[in-house]
Amino acid sequence: MKVETQELEDRQVQLTVEVADDEIQAAMRSAARRLSNKTRIPGFRPGKVPYEIVVNKLGDEAVFEEALESLGQETYRQALESAEIEAFAPGTLNEVVSRQPLILRYTVPLPPEVDLAGYRDVRLAFEEPNITDEAVETMLEELRQGQALIEPADRPAKLTDVVILDIHGELIDPPEGEKPDLLDEKGVSVLVAETTDWPVPKIHEQLIELKAGDQREFTYTFPADDPNESLAGRSAKFSLTCQEVKSRFVPAWSDDLARNLGEFQDLLDLRIKVRKTLEQRAQRQAEEEYATIVVDEVVSGATVHFPPALLEQEVHEMLHEMDRRLQGQRLTLADYLKIENKTEKELEDELKPQAEKRLRRALILGKVVEVEALEVKDPDIDQELDRVVAPLKEQAGQLRKALDSPAGRRRIALDLLTDKAVKLLTQIARGQAPVGPVSSAEVEKTEVLQAVEEVSDGLPAETSEADPSNEE
Numbered sequence: 001m002k003v004e005t006q007e008l009e010d011r012q013v014q015l016t017v018e019v020a021d022d023e024i025q026a027a028m029r030s031a032a033r034r035l036s037n038k039t040r041i042p043g044f045r046p047g048k049v050p051y052e053i054v055v056n057k058l059g060d061e062a063v064f065e066e067a068l069e070s071l072g073q074e075t076y077r078q079a080l081e082s083a084e085i086e087a088f089a090p091g092t093l094n095e096v097v098s099r100q101p102l103i104l105r106y107t108v109p110l111p112p113e114v115d116l117a118g119y120r121d122v123r124l125a126f127e128e129p130n131i132t133d134e135a136v137e138t139m140l141e142e143l144r145q146g147q148a149l150i151e152p153a154d155r156p157a158k159l160t161d162v163v164i165l166d167i168h169g170e171l172i173d174p175p176e177g178e179k180p181d182l183l184d185e186k187g188v189s190v191l192v193a194e195t196t197d198w199p200v201p202k203i204h205e206q207l208i209e210l211k212a213g214d215q216r217e218f219t220y221t222f223p224a225d226d227p228n229e230s231l232a233g234r235s236a237k238f239s240l241t242c243q244e245v246k247s248r249f250v251p252a253w254s255d256d257l258a259r260n261l262g263e264f265q266d267l268l269d270l271r272i273k274v275r276k277t278l279e280q281r282a283q284r285q286a287e288e289e290y291a292t293i294v295v296d297e298v299v300s301g302a303t304v305h306f307p308p309a310l311l312e313q314e315v316h317e318m319l320h321e322m323d324r325r326l327q328g329q330r331l332t333l334a335d336y337l338k339i340e341n342k343t344e345k346e347l348e349d350e351l352k353p354q355a356e357k358r359l360r361r362a363l364i365l366g367k368v369v370e371v372e373a374l375e376v377k378d379p380d381i382d383q384e385l386d387r388v389v390a391p392l393k394e395q396a397g398q399l400r401k402a403l404d405s406p407a408g409r410r411r412i413a414l415d416l417l418t419d420k421a422v423k424l425l426t427q428i429a430r431g432q433a434p435v436g437p438v439s440s441a442e443v444e445k446t447e448v449l450q451a452v453e454e455v456s457d458g459l460p461a462e463t464s465e466a467d468p469s470n471e472e
């Protein structure tokens, strides 16, 4: 076997391999036997047809194509071993250059290369969050509103009331094959308030003056930038039936009302704990936003090279994620493509920039994990499993068992390592990180200096000619 290599762009290498004649003949005869098992040839039992007859019956090209299935894979494996190449993902047989001699050409994806550059030199200011008195009062008001006394009201609805509704919504002129129904709810409570945005914004305008037994219909066009891509720019018709109108009485603040909300001594204690809760929430949000900025800064300074196959893999993962989200809306990816009048290839092209950004970020954080020798141990994974399943209480054990598989533990370990890398980068950016990893060159230099010092310690001290002790 003769193997030639040529480096290509984007972390790929081209292998050109000349296959020995005896290997070709052996592969052709094996292929002929396989084909004779799948093809009825009069006068012969399956698998017992002579090689020459199989070739005459099916053609040399058909036998060669069958042989190439196994020969191509084995040749690829041997060529990688011969050229001492570490493939990062399965390679591709791009071309049969010639049959006589048989020369095959492959493209091999190589592991990504990541240069973090000066990631430990990144410094960014962190702005501590500030909770205003207004924010505390807003939260207290929400708590007070939640303690409203609700009673039936024999009158038309007005602002601050609650109406009990049957709501049905469906898309107008849906494409063929798409289900028009958006929602169908019975006996749902809706607050008549300007802030209410379910099922659509400004729903309060349709609810004011509504009485028990009234019916009302209206249309709504979702904005072009609606977060739900499958609804953006589309129109829907809604039908409302009012079952009941209820008034709300919101009590004034008092120590008793504060105690009714939980384990609070009085209104002052509630106010203090509300502020603390808001501060903790704001701190978490500020740290998350800061972490995003820091990682973006590190990513922008790093250099990443990866094979195209890795980007294709990331695009396909994003397609799977989109498909899962659409299933939650009772749609499929095929439905979405029909609605948007796109092909899957067009959607893949749209996703590529975002996929590349995600891939770069993941590779860079993975390199930080490697360079900083970050690690996750089994107790860390067990603790994370306990944290994830804890809110489910009765179903916690069942879910933990499902997650506690080798694949599940690997996913959790990767998530924890990513979290550790992000945390370390934020510490670096704030000047709070521990000393970074020492390079092998620095270790060698330190060892040499120590050796010189040890040798020097064993030598007699030099005396200066100017030293008076040298004078006779």
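Under the numbering used here, the first residue of the sequence shown is numbered 1, with each subsequent residue one higher.
Backbone N, C-alpha and C fix where the C-beta goes; we use that ideal spot for every residue, glycine too.
For clarity, every value in this text was computed on a predicted model and none was experimentally measured.
DSSP assignment within the segment 297-363 yields the following whole alpha helix (DSSP H) runs of 4 residues or more, N-terminal first: 308-328, 333-340. Residue pairing by DSSP places residue 2 opposite 18 in a beta bridge. Of the candidates 231, 229, 200, 200 places its Cα closest to the Cα of residue 218. Look at the segment 90-138 and you find these whole runs of beta strand (DSSP E), each 3 residues long or longer: 92-98, 102-109, 113-115. Pairing residue 334 with residue 341, the inter-Cα distance amounts to about 10 Å.
Take the alpha-carbon of residue 99 and the one of residue 74: they are about 17 Å apart. A distance of 9 Å or more separates the beta carbons of residue 388 and residue 425. Taking residue 2 as the centre and dropping the five residues before and after it, the same chain places the C-beta of 18 closer than 6 Å to its C-beta, in chain order. Cβ atoms of residue 186 and residue 161 stay farther apart than 8 Å, at about 19 Å. Looking from the CA of residue 13, the closest CA among 414, 308, 406 belongs to 308.
Each residue's CA atom was taken as its position, placing residue 284 and residue 234 some 37 Å apart.
For the 9 Å CB-CB criterion, residue 54 and residue 30 do not form a contact. About 6 Å separates the CB atoms of residue 299 and residue 360; that is less than 8 Å, so the two are in contact. Linking residue 101 to residue 381 through their CA atoms gives a straight-line distance of about 55 Å.
Under the three-state reduction of DSSP output, residue 219 falls in the strand class. About 11 Å separates the CB atoms of residue 190 and residue 245; that is not less than 8 Å, and the two are not in contact.
Inter-residue distance for residue 214 and residue 183 is about 20 Å (C-alpha atoms, whole angstroms). The segment 180-241 contains, as complete beta strand (DSSP E) runs of 3+ residues, the segments 181-191, 215-221 (chain order). DSSP places residue 169 inside the beta strand (DSSP E), whose first and last residues are 162-171. Beta-carbon to beta-carbon, residue 94 and residue 76 are separated by about 11 Å, too far to satisfy the 8 Å threshold. Between residue 339 and residue 178 the beta-carbon gap is near 7 Å, inside 8 Å, which marks them as a contact. Checking the DSSP bridge columns, you'll see residue 246 partnered with 152, 162. The distance from the Cβ of residue 306 to that of residue 10 is about 7 Å, consistent with a contact at the 8 Å cut-off. Here residue 414 carries a helix assignment [DSSP, helix/strand/coil].
Beyond the five residues adjoining it in sequence on each side, residue 206 comes within less than 7 Å, by CB distance, of 216, 218, 240 in the same chain, given in chain order.
Here DSSP, grouped into helix, strand and coil, assigns residue 294 to helix. DSSP, read as helix, strand or coil, puts residue 7 in strand. The Cβ atoms of residue 319 and residue 278 lie no closer than 9 Å to each other.
Between residue 27 and residue 87, the beta carbon gap of about 22 Å keeps them out of contact (Cβ cut-off 8 Å). Buried is the label assigned to residue 91, since at least 16 other Cβ atoms lie within 10 Å of its Cβ. Among the bridge pairs identified by DSSP, residue 13 is matched with 7, 108.
For residue 52, the enclosing alpha helix (DSSP H) has its first and last residue at 51-58.
For residue 193, same chain residues with a beta-carbon under 8 Å away, outside a window of 5 residues either side, are 159, 160, 204 in chain order. Around the beta carbon of residue 124, fewer than 16 other beta carbons sit within 10 angstroms, so the residue counts as exposed. Between residue 376 and residue 295, the gap from beta carbon to beta carbon reaches 9 Å or more. By the CB criterion at 9 Å, residue 358 and residue 314 fall inside the cutoff.
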